[in-house]
Amino acid sequence: MASRSIVLGSLALLGGLISCSGAEAADFACWQPNKTLLAADEAGEGYWTKERRDRAVSENDGGNVTAPKPEGLAATARVDVTQPPYEYGGKLFYTRDGVDYTASAQFVSEDNVLLAAAHSMWRGDKHAVNVVFYRAYEDGAGTRFIVDQAAVLTDWIPISPNPPSAEKSALDYAALRTTANSDAGKFVLSQDGGFTAVSMMGYPGNFGDGKYMYKQDSTKLAQVGGTYLAAPTEFGTGASGGAWFAPDNSLVSVVSAQIVQGKTLAMTGPALTATTEAMIAFVKGGCN
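Here you go:
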């Protein structure tokens, strides 16, 4: 299949997908989520007041999953967001289909590109707008970044409303460009699937009411196609898009969906590839 990309209007689909001529990218869908927000927010907080951020609901892909807490599970711990690699991450806020949501994301590979979950940015025929990121978020505080470009895989779009699956998780990542560079560094992205020990970080709503970043140590159990499976985990909704990182602090995946594996909760996440790197470069270049 020839490579292609598509670009959306910032506020509506404007009659459908618009071809982006001359794009040398894999199959990405790109849009500008914040033209109105950018204009309104030049001088201040604008749409995302603390009250609105506090009311935003945790993103949920496929319903709440419950299972008994396994014996010997390492404690899910609140982390110091002034230290690497946690300082690369933060809390993502956005509106989709008229609902204000929150999820997790982090800077990766480029000084002004975030990696997040596709299920946050696009579901069904609705894409996210009003997208902002607070690096090192803690109960309202954090460094604020506005997102001016966002992209997901075009193959994600038709399956985005489906229940969680290995096929879906393999495509569940999005790249977002910020209008300013990270003030605290970024993750290095790794395509090496040889890791076993892994940690996850993000803002799960079932810990600290989603106001603080937490870490969960876990173990990769398997790779099914383009999807990793790791267990155990206690992370609930709101951690979507948070980094999976290996012992060398390289980013190897992002939080996609919970499933029940045997009698415990497990987490799925996409295996990152050259296509992920191409998406990051595409978004950094303004989707050109």
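Letter by letter, the sequence shown follows residues -25 to -1, 1 to 263 in mature numbering (1 follows the signal peptide of the UniProt record, and there is no 0).
Glycine included, each C-beta is placed from N, C-alpha and C at the ideal position.
Predicted, not measured: the structure shown is a model, and the values here were computed from it.
According to the neighbour-count rule (16 or more other Cβ atoms, all chains shown, within 10 Å of its Cβ), is residue i buried or exposed?
i	result
residue 209	buried
residue 7	buried
residue 70	buried
residue 172	exposed
residue 251	buried
residue 73	exposed
residue 155	exposed
residue 243	buried
residue 26	exposed
Looking at residue j and residue i, is the spacing between their C-beta atoms short of 8 Å?
i	j	result
residue 216	residue 95	yes
residue 201	residue 245	yes
residue 178	residue 211	no
residue 111	residue 117	yes
residue 157	residue 82	yes
residue 163	residue 226	yes
residue 114	residue 186	yes
residue 229	residue 52	no
residue 288	residue 149	Any question about residue 288 goes unanswered here, given that the chain covers just -25 to 263.
residue 79	residue 180	no
residue 168	residue 198	yes
Could you tell me which of the options sits nearest to residue i, measuring between CA atoms?
i	options	result
residue 223	60, 25 and 21	60
residue 137	99, 150 and 172	99
residue 272	206, 128, 52 and 72	One cannot answer for residue 272 here, as it falls past the ends of the chain, which runs -25 to 263.
residue 77	28, 115 and 51	28
residue 241	196, 262 and 74	196
residue 159	198, 239, 58 and 247	58
residue 63	109, 31 and 23	109
residue 262	152, 182 and 131	152
residue 165	188, 84, 189 and 147	84
residue 23	119, 80 and 5	119
residue 190	198, 175, 180 and 255	175
residue 147	248, 236, 21 and 239	248
In whole angstroms, what is the alpha-carbon distance linking residue i and residue j?
i	j	result
residue 260	residue 88	10 Å
residue 192	residue 67	22 Å
residue 140	residue 232	8 Å
residue -1	residue 257	With a pLDDT of only 45 at residue -1, under 50, the local geometry of the prediction cannot be trusted, and no value is derived from it.
residue 10	residue 104	9 Å
residue 129	residue 102	12 Å
residue 3	residue 144	16 Å
residue 218	residue 184	19 Å
residue 55	residue 107	22 Å
residue 47	residue 5	A caution first: residue 47 carries a pLDDT of 49, below 50, which makes its placement in the model unreliable, though a value can still be read off. Those two C-alpha atoms are separated by around 43 Å.
residue 194	residue 90	21 Å
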